[in-house]
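Trainee:
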Amino acid sequence: MCWARRTLSTTLHSRELGRSLAATDFRHLGQVGLVEQVGLVGGGDPRSLAAQQPVMHARQKWCPHSRMTGSRNSARHTGQVSSDCSSSSAWISFAMPSAPRLRCAMPLMEMLHGPMGAPRLLLLAGLIGLVVGEVGDFSPCLRFFYKGVPPTGVTGAGRYAPVCQRFQNQYRFASLYDRQRRAPLYSAYLLTPAAGKRPRINWMYEPQLASSRANPEMTDFPKDANISQNVRESQAVPLDYTNSTYTKGHLNPSLHHHDTADRKATFTLTNIVPQKSGSNAGTWARLEGEGFCLGPAHVVTGALPYAWGERWINNRVAVPEYMWSAYCCPSYNASLPKWTRPFFPAYAAVGRNDPQSGQDIVPVDPKAKIAVRGYDVRRMSLAVLEDILRQRLAPHITLFQGQCG
Numbered sequence: 008m009c010w011a012r013r014t015l016s017t018t019l020h021s022r023e024l025g026r027s028l029a030a031t032d033f034r035h036l037g038q039v040g041l042v043e044q045v046g047l048v049g050g051g052d053p054r055s056l057a058a059q060q061p062v063m064h065a066r067q068k069w070c071p072h073s074r075m076t077g078s079r080n081s082a083r084h085t086g087q088v089s090s091d092c093s094s095s096s097a098w099i100s101f102a103m104p105s106a107p108r109l110r111c112a113m114p115l116m117e118m119l120h121g122p123m124g125a126p127r128l129l130l131l132a133g134l135i136g137l138v139v140g141e142v143g144d145f146s147p148c149l150r151f152f153y154k155g156v157p158p159t160g161v162t163g164a165g166r167y168a169p170v171c172q173r174f175q176n177q178y179r180f181a182s183l184y185d186r187q188r189r190a191p192l193y194s195a196y197l198l199t200p201a202a203g204k205r206p207r208i209n210w211m212y213e214p215q216l217a218s219s220r221a222n223p224e225m226t227d228f229p230k231d232a233n234i235s236q237n238v239r240e241s242q243a244v245p246l247d248y249t250n251s252t253y254t255k256g257h258l259n260p261s262l263h264h265h266d267t268a269d270r271k272a273t274f275t276l277t278n279i280v281p282q283k284s285g286s287n288a289g290t291w292a293r294l295e296g297e298g299f300c301l302g303p304a305h306v307v308t309g310a311l312p313y314a315w316g317e318r319w320i321n322n323r324v325a326v327p328e329y330m331w332s333a334y335c336c337p338s339y340n341a342s343l344p345k346w347t348r349p350f351f352p353a354y355a356a357v358g359r360n361d362p363q364s365g366q367d368i369v370p371v372d373p374k375a376k377i378a379v380r381g382y383d384v385r386r387m388s389l390a391v392l393e394d395i396l397r398q399r400l401a402p403h404i405t406l407f408q409g410q411c412g
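Numbering (my numbering), first residue to last: 8 to 412.
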């Protein structure tokens, strides 16, 4: 069994150190087996190798302009935010290396054989040189996280791949990609005033999920027949959504960005989960369009898997039962009307993606129109959302450093 010491969401690059990596370069977050427990070289659902967000609004006067500084050291990140505000009324809304040298006690052939057979060999090849460039390390894109700190408490090293989403030679947002479900667990971004229409652009993929030596830029999908096997095994492809009953649901929506390139960058399938149209084109879309912040806010939006019995499209991509989202606006006008105060500095929501799900997390409005009935959105405090995520996703998850305080 191989053991590595590593941080939850970051891995040192050999190019940062000027040498190959050793196991001691990784910080210990509890021993995680890279072979069986993680599922990189066996285990997990045999169908896998490797939603949108609710919007909240409140009348306010604010204009945060944050400057983020963070250490480039992947094992220790620090950041501080400085803000200045000017008064202006606005609606705020959001939808809601080489490879490490590891000492192995498990024989190589034992690693290569087992329930998954050949896929184990494929995944072992993927493990060698696992993190180079934009995949495997959040350190180049920490500015998308509050105080430069990604959400903590999500375990499963190797299963989840941190991705700095790079488009036109700039980092646009960050995603934690679930290799087994072939879908993002969450995307983190800075919400800025919207401008322009939805861009018309081809769907893209992350080349470095398929090969660590590939182009670090998100890339247009070729025609289905020309998509390589490595790409198909490592992530979702457009064909997965063909003839399914699900739409492509953005975690980071294009309409939450002012810059055209930022909007285009959201059209990568590493930012997409299968979402029912009643949610994607219904309740979620209406809430997203109600308004935007004048200044940037930190947003983390993700997908919540089924507690029992995963659902899949094309027997490859996992469908979330719920969508969740939270924002952090640390700079706001303290003289806001009393009714708006619960919305600041942080707020959250959960939305249904399955009308047949129980009502313990999000109740159903029986009077809602048929087209959107069962796709309700429940607004809640950040603490309530984190409690739900701790019960269903990770027992020690924290979305924002210091609870956005």
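Note that the Cβ used here is the ideal one computed from N, Cα and C, for glycine as well.
1. Judging by CA-CA distance, which residue of Asn322, Val142, Ser388 and Gly365 is the nearest neighbour of arginine 188?
2. Do you know whose CA, among Asp394, Leu262, Tyr196 and Val391, lies nearest alanine 202's CA?
3. Quick test of your reading: threonine 275 and glutamine 172, contact by CB under 8 Å. State the CB separation rounded to the nearest angstrom.
4. Three or more C-beta pairs under 8 Å: does that hold for the segment 328-337 against the segment 348-361?
5. Does the contact criterion of 3 or more C-beta pairs under 8 Å hold for the segment 228-239 versus the segment 160-178?
6. Identify whether tyrosine 354 lies in helix, strand or coil by the three-state DSSP scheme.
7. Would you mind sorting aspartate 394 into buried or exposed? The rule is 16 or more other CB atoms within 10 Å of its CB.
8. Within its chain, find whatever has a CB closer than 8 Å to the CB of glutamine 363; leave out the 5 residues flanking it on each side and keep chain order.
9. Tell me where the beta strand (DSSP E) around serine 338 begins and ends.
10. Shortest alpha-carbon distance to glycine 409 belongs to which of Arg207, Lys154 and Pro147?
11. Helix, strand or coil for alanine 325 per DSSP?
12. Could you check how far apart the C-beta atoms of threonine 308 and serine 194 are, in whole angstroms? I think they sit under 8 Å.
13. Ignoring anything shorter than 3 residues or poking outside the segment 216-292, list the beta strand (DSSP E) runs there in chain order.
14. Whole-angstrom Cβ separation of threonine 277 and tyrosine 184, contact assumed at under 8 Å?
15. For glutamate 213, which residues in the same chain have their Cβ closer than 7 Å to its Cβ, ignoring the five residues on either side in sequence?
16. Work out the CA separation of histidine 403 and tyrosine 339 for me, nearest whole Å.
17. Mind checking lysine 283: buried by the 16 CB within 10 Å criterion, or exposed?
18. For isoleucine 377, which three-state DSSP category applies?
19. Rounded to a whole number of angstroms, what is the C-alpha to C-alpha distance between alanine 314 and proline 327?
20. Can you list, in chain order, the residues of its chain with a C-beta nearer than 8 Å to that of valine 161? Leave out the 5 residues immediately preceding and following it.
21. Going by other Cβ atoms of all chains shown within 10 Å of its Cβ, with 16 needed for buried, is arginine 205 buried or exposed?
22. Mapping the DSSP letters down to three states, classify glycine 309 as helix, strand or coil.
23. Give the DSSP bridge partners of phenylalanine 180, in chain order.
24. Is it the case that the Cβ atoms of proline 281 and isoleucine 320 are separated by a distance below 7 Å?
Mentor: Reading from the atomic positions:
1. In the sequence shown, residue 188 corresponds to position 181, counting from 1. Comparing Cα-Cα distances from arginine 188 to each of Asn322, Val142, Ser388 and Gly365, the minimum goes to Asn322.
2. The count along the sequence shown starts at 1 and reaches residue 202 at position 195. Minimum Cα distance to alanine 202 is reached at Leu262.
3. On the sequence shown, residue 275 is found 268 positions in, with the first residue counted as 1. On the sequence shown, residue 172 is found 165 positions in, with the first residue counted as 1. So it is a contact: roughly 7 Å between Cβ atoms.
4. Yes, the segment 328-337 is in contact with the segment 348-361.
5. no
6. Position 347 of the sequence shown, counting from 1, holds the residue named residue 354. The answer is strand: DSSP assigns tyrosine 354 an E or B state.
7. As a working mapping, residue 394 is identified with position 387 in the sequence shown. Label assigned to aspartate 394: exposed.
8. Here residue 363 corresponds to residue number 356 of the sequence shown, with the count starting at 1. Excluding residues within five positions, the ones whose Cβ falls inside 8 Å are Gly381.
9. Counted from its first residue, the sequence shown places residue 338 at position 331. Unbroken run through serine 338: none, as it is neither H nor E.
10. Working through the sequence shown from its first residue, we reach residue 409 at position 402. Ranking the options by Cα distance to glycine 409, first place goes to Lys154.
11. In the sequence shown, counting from the first residue as 1, residue 325 sits at position 318. In this structure, alanine 325 counts as strand in the three-state DSSP scheme.
12. Position 301 of the sequence shown, counted from the start, is the residue given in the question as residue 308. Position 187 of the sequence shown, counted from the start, is the residue given in the question as residue 194. That belief holds up - the Cβ atoms of threonine 308 and serine 194 are roughly 6 Å apart, short of 8 Å.
13. 254-257 and 279-282
14. Walking along the sequence shown from the start, residue 277 turns up at place 270. Walking along the sequence shown from the start, residue 184 turns up at place 177. With a Cβ gap of about 5 Å, threonine 277 and tyrosine 184 count as contacting.
15. For this step, residue 213 is matched to residue 206 along the sequence shown. Apart from the 5 residues on each side of it in sequence, glutamate 213 sits with its Cβ closer than 7 Å to the Cβ of Val142, Val170, Met225, Gln242, Thr275 and Thr277 in its chain, given in chain order.
16. As a first step, residue 339 must be located in the sequence shown, where it is residue number 332. As a first step, residue 403 must be located in the sequence shown, where it is residue number 396. So the alpha carbons of these two residues sit roughly 28 Å apart.
17. In the sequence shown, counting from the first residue as 1, residue 283 sits at position 276. Residue environment analysis places lysine 283 among the buried positions, since at least 16 neighbouring C-beta atoms fall within 10 angstroms of its C-beta.
18. Taking the first residue of the sequence shown as position 1, residue 377 is located at position 370. Here isoleucine 377 sits in coil by DSSP.
19. Indexing the sequence shown from 1 puts residue 314 at position 307. Indexing the sequence shown from 1 puts residue 327 at position 320. Each residue's Cα considered, the two are about 10 Å apart.
20. Position 154 of the sequence shown, counted from the first residue, corresponds to residue 161. Leu15, Ser16, Tyr167, Leu183, Leu192, Leu400, Ala401 and Ile404.
21. Numbered from its first residue, the sequence shown carries residue 205 at position 198. Arginine 205 comes out exposed.
22. Position 302 of the sequence shown, counted from the start, is the residue given in the question as residue 309. Three-state result, glycine 309: strand.
23. Stepping through the sequence shown from its first residue, residue 180 is reached at position 173. DSSP output for phenylalanine 180 lists Gln172 as bridge partner(s).
24. Walking along the sequence shown from the start, residue 281 turns up at place 274. Walking along the sequence shown from the start, residue 320 turns up at place 313. Yes, Cβ-Cβ distance for proline 281 and isoleucine 320 is below 7 Å.
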